[in-house]
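The next block holds one structure in the form of structure tokens; read it before the comments.
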Amino acid sequence: MFPPRFAYQAPRSLEEAISLLGSSGDYAKVLAGGQSLVPMMKLRFASPDVIIDINNLPGLDYHRAGPDGSFHVGALARHADLEWSSLLGQTQPTMAAAAPLIADPLVRNRGTLVGSLCHADPQGDWAAVMIALKGQVVAQGPAGRRTIDMKDFVTGPFETALAHDEIAVEAVVPPAQGARKGGYLKLERRVGDFATCGAAVALETGPAGDVIKAGIALCGVGGATIDAVDAADALIGQPLGPAVIDTAASLAAGAANPGSDHRGSADYKRHMVHTFVTRLLTSPNAALDASMRTAA
Ligand SMILES: Cc1cc2nc3c(=O)[nH]c(=O)nc-3n(C[C@H](O)[C@H](O)[C@H](O)COP(=O)(O)OP(=O)(O)OC[C@H]3O[C@@H](n4cnc5c(N)ncnc54)[C@H](O)[C@@H]3O)c2cc1C
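Going letter by letter, the sequence shown gives residues 7 to 302 in my numbering.
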């Protein structure tokens, strides 16, 4: 199917893009990788009057560590840039485990992490990862920049806190206070598919191995990405032993709200959440070791 007619703009600066968004009314859409927007338009689930293509904007195709240990992903960093990043493998185990599991190589070559967060699909892998990492999105609009916590950024299925004239310029992972551990596991019907169930775990541990910060988030098992706060809180101050792992996995499975469909029953999906969280907590970083590419 062809999308309805639309006007196309390709600004050369962020300021021009924001100004175009402001003057284009409510139904202008930013185009980043186009891997969600274009299919939505072709299926006529989205019919923007104006497309603002940000691919010519300079200086947004980075991922880098900040001097304070924070981690920054620009709006034009592609999934594939992250998949093959040695920096990600060395510093961000949860992100590095997820990157090769997003879609297929064609989609990963064009799609962006920031675009995925803005798309706010309840099955999107990156939103679960960034919620577990207690990440943030930096948005720029006519009045300047503001930082939005990931837990407040996604306001519903396919809805975000962005104003119509704001562009998400980067995603940020705050600096770690302890040793970073974690991973991401995803159940998919075939390689490249969206998650039947995805679980992201991000931990920071102290010198004695006790957990000082924890995030657990789920995708594909509810109407939005799920922040399993109680499950993560159950880990704080504890070493990762079998009893505490079982408690956290049970709380995460309880936080899931899946439906039964052609991908499996609700009970099966909840069981998979329990299994994934148990695996990730029993061997944090194992998912990373299994999925790591030979980094460039
Ligand atoms: C076959 C296929 C399989 C896929 N499988 C998966 C999968 O397994 N897991 C998964 O998570 N995703 C999957 N996706 C989606 C893919 O990851 C997309 O790349 C991603 O969801 C959107 O990123 P994008 O850069 O392509 O955004 P676009 O498609 O360009 O935009 C998506 C939405 O976000 C908005 N947007 C984008 N960037 C910005 C910005 N900087 N500021 C403000 N708004 C912005 C757009 O206006 C649009 O509403 C799949 C897609 C396809 C086609």
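A virtual CB, placed ideally from N, CA and C, is assigned to each residue, including glycine.
Computed from a predicted model, the values in this text were never measured in an experiment.
Counting only runs of 3+ residues, the beta strand (DSSP E) found wholly inside the region 117-191 occupies 142-147, 150-155, 160-162 and 173-179, in chain order. With a contact defined as Cβ atoms closer than 8 Å, residue 218 and residue 247 miss out at about 16 Å. The region 28-109 contains, as complete beta strand (DSSP E) runs of 3+ residues, the segments 34-37, 56-59, 69-71 and 77-80 (chain order). Assignment of residue 287 by DSSP, reduced to helix, strand and coil, places it in the helix class.
Shown here, residue 207 sits in a strand according to DSSP, grouped into three states. Taking the Cα of residue 56 as reference, the smallest distance to any Cα among 66, 67, 17 and 86 is reached at 17. Not one heavy atom of ligand 1 is found less than 6 Å from the C-beta of residue 197. Put simply, the region 154-168 does not touch the region 251-271. Fewer than three CB pairs are less than 8 Å apart. Annotated three-state conformation of residue 262 is coil, per DSSP. Per DSSP, residue 237 is one residue of the alpha helix (DSSP H) stretching across 235-239.
For the 7 Å CB-CB criterion, residue 206 and residue 226 do not form a contact. In this structure, the alpha-carbon of residue 96 lies about 35 Å from that of residue 24. By the Cβ criterion, the region 42-58 is not in contact with the region 74-81, since fewer than three pairs of Cβ atoms, one from each stretch, lie closer than 8 Å. The Cβ atoms of residue 74 and residue 181 sit closer than 7 Å to each other.
Ligand 1 has a heavy atom closer than 6 Å to the beta-carbon of residue 120. A Cβ-Cβ distance of about 6 Å is found for the pair residue 204 and residue 131, placing them in contact under the 8 Å criterion.
DSSP, read as helix, strand or coil, puts residue 246 in coil.
The Cβ neighbour count for residue 7, taken over all protein chains shown within 10 Å, is under 16; the residue is labelled exposed. A heavy atom of ligand 1 is found nearer than 6 Å to the CB of residue 109. Closest in alpha carbon position to residue 146, among 173, 133, 33 and 88, is 173. Partner residues in the beta bridge of residue 14, as assigned by DSSP, are 57. Taken from the Cβ of residue 203, every heavy atom of ligand 1 lies 6 Å or farther away.
Considering only 279, 39, 141 and 223, the residue with the shortest C-alpha distance to residue 59 is 39. Taking the Cα of residue 288 as reference, the smallest distance to any Cα among 48, 150, 251 and 103 is reached at 251. Judged by DSSP in its simplified three-state form, residue 267 adopts strand. Close CB contacts of residue 148 within its chain, under the 8 Å cut and outside five residues either way in sequence, are with 24, 25, 28 and 171 (chain order).
If you draw a straight line from the Cα of residue 244 to the Cα of residue 136, it is about 23 Å long. Rounded to the nearest whole angstrom, the C-alpha separation of residue 159 and residue 11 is 30 Å. For residue 217, the three-state secondary structure derived from DSSP is strand. For residue 175, the CB contacts under 6 Å within the same chain, skipping 5 residues up- and downstream, are 81, 144 and 146 in chain order. Its chain contains 88, 101 and 102 as the residues whose beta carbon lies nearer than 6 Å to that of residue 94, once the 5 sequence neighbours on both sides are disregarded; these appear in chain order.
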